[in-house]
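What follows is a set of notes on a single structure, which appears directly below.
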């Protein structure tokens, strides 16, 4: 099986994402929301397609500002469905808007998206998938797993021989810690 580390090295789109983002721990709400959205929109498509359209997604979803996206209404949905710079899928667009509203609620219940993730860490992937399906829209096993690997909550983003693995290890992502729950 070919690892992403083998494929991404030196690639115009995969390379920068692999080297600077994938697997690194994330705390910023907009970045977490972006990753969740991009993984959702990737379902059934290649990751390369998503990376090529990333700037379009960023513009269409207001830099992934949760409050702005949560306020999107019918006019915004229509605009997004007509935006060739993104994946024009009604279910995925509706999921992004719904999930922004869920993240707003996580601020109230847990102090934010990152703290919600921390409150549930560590879980095994099947438990994470169940939790995500109960909490968000359009989050199956692959979407949830990739989101959690990309943000440092599950292992597997890089092979140990990859130089990026060592850089990530220095940042001690949640999956490398026994628990990130406060004592």
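Residue numbers (our numbering): 1152 to 1334.
Ideal Cβ positions, reconstructed from N, Cα and C, are used throughout, including at glycine.
CB of residue i within 7 Å of CB of residue j, strictly
i            : j            : result
residue 1317 : residue 1173 : no
residue 1171 : residue 1301 : no
residue 1176 : residue 1322 : yes
residue 1203 : residue 1249 : no
residue 1267 : residue 1257 : yes
residue 1263 : residue 1237 : no
residue 1178 : residue 1265 : yes
residue 1154 : residue 1310 : yes
residue 1164 : residue 1199 : yes
residue 1219 : residue 1225 : no
Coil, strand or helix - residue i by DSSP
i            : result
residue 1270 : helix
residue 1421 : Nothing can be reported for residue 1421: it is not among the residues displayed for the chain, which extend from 1152 to 1334.
residue 1234 : coil
residue 1188 : helix
residue 1331 : Low per-residue confidence applies at residue 1331: pLDDT is 47, beneath 50, and the placement is therefore not dependable enough to give any value.
residue 1196 : coil
residue 1159 : helix
residue 1247 : helix
residue 1301 : helix
residue 1218 : helix
residue 1276 : helix
residue 1211 : helix
residue 1226 : helix
residue 1306 : coil
residue 1166 : helix
Distance between beta carbons of residue j and residue i, contact taken as under 8 Å
i            : j            : result
residue 1234 : residue 1251 : So it is not a contact: roughly 17 Å between Cβ atoms.
residue 1217 : residue 1254 : 5 Å
residue 1326 : residue 1303 : 6 Å
residue 1286 : residue 1191 : Wrong, their Cβ atoms sit about 13 Å apart, outside the cutoff.
Own chain, CB closer than 6 Å to residue i, minus 5 neighbours either side, in chain order
i            : result
residue 1215 : 1181, 1184 and 1185
residue 1095 : Here the chain comprises residues numbered 1152 to 1334, so residue 1095 is not present and cannot be evaluated.
residue 1221 : 1251, 1252 and 1255
Nonlocal neighbours in the same chain, by C-beta distance under 7 Å from residue i, ignoring five residues either side
i            : result
residue 1295 : 1279, 1280 and 1283
residue 1299 : 1279 and 1305
Sequence-distant residues of its chain with Cβ nearer than 8 Å to residue i (five each side left out)
i            : result
residue 1228 : 1241, 1244, 1245 and 1248
residue 1166 : 1159 and 1160
residue 1334 : In this prediction, residue 1334 scores a pLDDT of 40, lower than 50, which makes its location untrustworthy; no coordinate-derived value is stated.
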